[in-house]
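Okay, so here's the structure we're looking at.
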Amino acid sequence: MKTKLVQTTIFVMFLSLIFKSSIVTTELKYALETFLWILFPSIFPFFLIGNLLIEYNFINILNKLLSKITTKIFHTTSTASFVILMSMVSGFPSGAKYIRDLYDKNMLSLEQANYLITFTHFANPLFVLTVTKNLFNNTNISILILISMYLSNLLIGIITRPKKIDQTIKMELNKVPNFSDALTNSIKSSFELLLLILGNTCFFFLLSRLLTTYFNYNQFINIIINGFFDITKGIQSISILSTTTIFKGILILTFICFGGINIHMQVKNIISNTNISYKNFLLGRICQIAISIFIFFIAYQGMF
């Protein structure tokens, strides 16, 4: 049944290339512009610098600074502090990326990797502020959305933390490469992931547009479809919705915390050929939606 559904979807998209070519072209241009002007500027610098930090053993410096905090709060070895911090500032899917990188380098155990992937799903703060700036007249609401996202994930990390600290992984210093090699490798690694993001963005922008074109949904259902497939398009489409500010904030949080099928496909691709559990990632997103909405609702009532 799943295979037939995928086959049907792909065949309909193929027919659309022929009979709905103007819609396809317009939507792909829109997806490309979104990637170039919103996603790329907010993601690429963090991916590049993050890779360089790993190459130059910055993890060890960070471990010395944060190991006591990380160990006490999350019951993980100090290596996890790098993943948590970088995922918070870089935005998804960097959490999965750094978990996979450190797991491949034997700097994270499988147990720690499966634990970390449940709560290291953070939106890039620049991305959130950029896509929500035209939705609210008050930037405090955008900041409240960010705080709700951060707190919900950290609470999940505390609630689901392992009982004992895994000390089986021992930190080893990497051989420091020359800067030219490190920069080249970091650029290649970053663009490989960015190419995946671009391809997924184009595909799911187009799929959501075709769904809303072929079927006569109402305005709200169209927004839900957009957000279900891609966060950026979902948030941007909220601007046409006439509703309360708090409801818009809840919708945005839902899209961000779930991640959209676009992000889920990226994460599955990143952790493919490993034993890292996608199920843990999915369950984390469901829990994050509920917790973040609760935090946002309570805080919004108190502030406004």
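Numbering (our numbering), first residue to last: 803 to 1106.
Ideal Cβ placement from N, Cα and C applies to all residues, glycine included.
Nothing here was measured: the structure is a model prediction, and the numbers come from that model.
Restricted to the segment 844-897, the alpha helix (DSSP H) segments that are unbroken, complete and at least 4 residues in length are 860-876, 882-892, listed in chain order. Distance between Leu868 and Asp903, taken at the CA atoms: about 20 Å. Considering only Ile1023, Ile1063, Ile1088, Lys965, the residue with the shortest C-alpha distance to Thr879 is Lys965.
With at least 16 other beta carbons inside 10 angstroms of its own, Phe929 counts as buried. When DSSP states are grouped into helix, strand and coil, Ala925 belongs to the coil group. Within the same chain, and ignoring the five residues on either side of Ile958 in sequence, the residues whose Cβ sits closer than 8 Å to its Cβ are Thr920, Phe921, Gly1086, Cys1089, Gln1090, Ile1093. Annotation for Ile871: Ser883 place their beta carbon closer than 8 Å to its own, counting only its chain and skipping 5 residues before and after.
Between Phe894 and Ala915, the gap from beta carbon to beta carbon reaches 8 Å or more.
In this structure, the beta-carbon distance from Ile947 to Ile856 does not fall below 8 Å.
Contact annotation: the segment 1027-1042 touches the segment 1055-1075, with at least three C-beta pairs closer than 8 Å. Of Leu864, Asn1071, Ile1052, the smallest CA-CA separation from Ile1097 is found for Ile1052.
Rounded to the nearest angstrom, the gap between the Cα atoms of Ser892 and Tyr900 is 11 Å.
Between the segment 1006-1017 and the segment 839-848 there are fewer than three C-beta pairs closer than 8 Å, too few to call the two in contact. With a cut-off of 8 Å on Cβ pairs, the segment 991-998 is not in contact with the segment 803-817, counting fewer than three such pairs. Of the residues Ser844, Leu1009, Ser823, the one whose Cα lies closest to the Cα of Ile812 is Leu1009. Non-local beta-carbon contacts of His1066 in its own chain, meaning distances under 6 Å to residues more than five positions away in sequence, are absent. Collapsing the DSSP output to three states places Asn1024 in a helix. Residue environment analysis places Asn980 among the exposed positions, since fewer than 16 neighbouring C-beta atoms fall within 10 angstroms of its C-beta. When secondary structure is reduced to three states using DSSP, Gly1061 falls in the coil class, being assigned neither helix nor strand.
In this structure, Glu913 is the residue among Glu913, Lys935, Phe860 with its C-alpha nearest to the C-alpha of His877. In this chain, the alpha helix (DSSP H) harbouring Arg1087 covers 1080-1105. Between Asn908 and the set Ile1040, Ile1027, Thr1076, the nearest pair of CA atoms involves Thr1076. For the set Ala898, Asn1002, Phe849, the Cα lying nearest the Cα of Ile1073 is the one of Ala898.
In the three-state reduction of the DSSP assignment, Asn987 falls in the helix class. In its chain, beyond the 5 residues on either side, Val933 have a beta carbon closer than 7 Å to the beta carbon of Gln1038. In this model, Ile1026 and Ile820 are separated by some 27 Å (Cα to Cα). For the options Ala984, Phe1006, Lys990, Phe938, the alpha carbon positioned closest to that of Phe1049 is the one of Phe938.
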